[in-house]
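Please read the structure below before turning to the comments.
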Amino acid sequence: MRDHMLKLVYLSVLLCLLPASASSAEDKQGFTIYLIRHAEKLPDTKNPALTQCGLTRAESIAQQLQLINIEMLYSTNYKRTQQTAAPTSTSKQLSVISYDPANLPAFAKSLLAAKKNALVVGHSNTTAVLAGLLAEQPLTSFDESIYDRIYQVVFIDGGAQLNIFQQNFTCE
298 MRDHMLKLVY LSVLLCLLPA SASSAEDKQG FTIYLIRHAE KLPDTKNPAL TQCGLTRAES
358 IAQQLQLINI EMLYSTNYKR TQQTAAPTST SKQLSVISYD PANLPAFAKS LLAAKKNALV
418 VGHSNTTAVL AGLLAEQPLT SFDESIYDRI YQVVFIDGGA QLNIFQQNFT CE
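If you read the sequence shown in the numbering used here, its first letter stands for residue 298, the second for the next number, and so on.
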């Protein structure tokens with residue numbers, strides 16, 4: 298339990314550094330998009346819900362984003378992504394906007410046109426790809442066992458800066 302608390306403190310400190318990047322970007326008329334994969338899901342169903350671990354991770358994500366100015370919240374229309382977005386939706390008082398994971402180029406254009414700080418909840422085969430489209434870098438899908446990546450794309454002065462963080466969260 299103590300180890301879990303230390304990990305939460307470490308990640309909270311790390312994420313407190315993120316608003317500084319986002320804040321400085323906002324000062325220069327920039328914006329930041331955060332992209333995460335849904336949390337841990339139940340196995341072997343077509344549209345699975347989150348496991349208890351996944352629900353706990355979703356709550357942890359909302360807490361970690363508490364100090365970050367999120368203006369828009371996007372999720373695919375699946376239980377696991379909606380459940381991952383729900384705690385952030387509640388804490389930020391934002392509606393969750395559904396997007397089509399089959400048309401990432403169009404969604405990337407929409408995000409860029411909005412110029413808003415956003416959180417996008419996706420999947421192992423879409424999250425990195427979308428981050429790559431936004432940052433104009435070739436990124437591919439990642440293994441289905443990975444749930445802890447946070448992609449941050451900071452837009453400022455016509456350029457994009459991609460940062461990839463690891464959420465320091467484990468279920469016990």
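Ideal Cβ positions, reconstructed from N, Cα and C, are used throughout, including at glycine.
Just so it is clear, the structure is predicted and the values come from calculations on it, not from any experiment.
Applying the 10 Å Cβ sphere with the 16-neighbour rule, what's the burial state of G429? Along the sequence shown, read from residue 1 onward, the residue named residue 429 stands at position 132. Burial call: buried.
Taking buried to mean at least 16 other C-beta atoms within 10 Å of its own C-beta, is A319 buried or exposed? Here residue 319 refers to the residue found at position 22 when the sequence shown is read from its first residue. Note that A319 scores a pLDDT of 44, beneath 50, so its modelled location is shaky; the value from the coordinates is reported in the next line. The residue in question, A319, is buried, as its Cβ has 16 or more Cβ neighbours within 10 Å.
Using the Cα positions of E433 and N366, report the straight-line distance between them to the nearest angstrom. For the purposes of this step, residue 433 is taken as the residue at position 136 of the sequence shown. For the purposes of this step, residue 366 is taken as the residue at position 69 of the sequence shown. Going from the Cα of E433 to the Cα of N366 covers about 24 Å.
How big is the Cα-Cα spacing for K406 and S442? Position 109 of the sequence shown holds residue 406. Position 145 of the sequence shown holds residue 442. Between K406 and S442, the C-alpha separation is close to 29 Å.
In chain order, what residues of the same chain lie with their CB nearer than 6 Å to the CB of G456, ignoring the 5 residues before and after it? The residue you call residue 456 lines up with position 159 of the sequence shown. Nothing listed; no residue qualifies.
If K338 and E368 are in contact, beta carbons under 8 Å, what's the gap, nearest whole angstrom? Mapped onto the sequence shown, residue 338 falls at position 41. Mapped onto the sequence shown, residue 368 falls at position 71. Actually they do not touch by this definition, with Cβ atoms about 27 Å apart.
Under three-state DSSP, which class holds Q449? Locating residue 449 in the sequence shown gives position 152, counting from the first residue. Strand, per DSSP.
Would you grab the beta carbon distance between T381 and V418 for me? Rounded to a whole angstrom, and I think it's under 8 Å. As a first step, residue 381 must be located in the sequence shown, where it is residue number 84. As a first step, residue 418 must be located in the sequence shown, where it is residue number 121. Indeed, because the Cβ distance is near 5 Å, the residues count as touching under 8 Å.
Pull the bridge partners of Y331 from the DSSP assignment, please. Position 34 of the sequence shown holds residue 331. Per DSSP, L416 and Q449.
Where does the unbroken alpha helix (DSSP H) through A457 begin, and where does it stop? Locating residue 457 in the sequence shown gives position 160, counting from the first residue. No alpha helix (DSSP H) holds A457; the beta strand (DSSP E) holding it covers G456 to Q463.
To the nearest angstrom, report how far apart P398 and E469 are at their CA atoms. Walking along the sequence shown from the start, residue 398 turns up at place 101. Walking along the sequence shown from the start, residue 469 turns up at place 172. Using only the alpha carbons, I get a separation of about 31 Å.
Work out the CA separation of V451 and R354 for me, nearest whole Å. Residue numbering aside, residue 354 sits at position 57 when the sequence shown is read from its first letter. Residue numbering aside, residue 451 sits at position 154 when the sequence shown is read from its first letter. Taking the straight line joining both Cα atoms gives about 24 Å.
Look up I365 in the DSSP assignment and give the residues it is bridged to. Walking along the sequence shown from the start, residue 365 turns up at place 68. Answer is none; I365 lacks a bridge partner.
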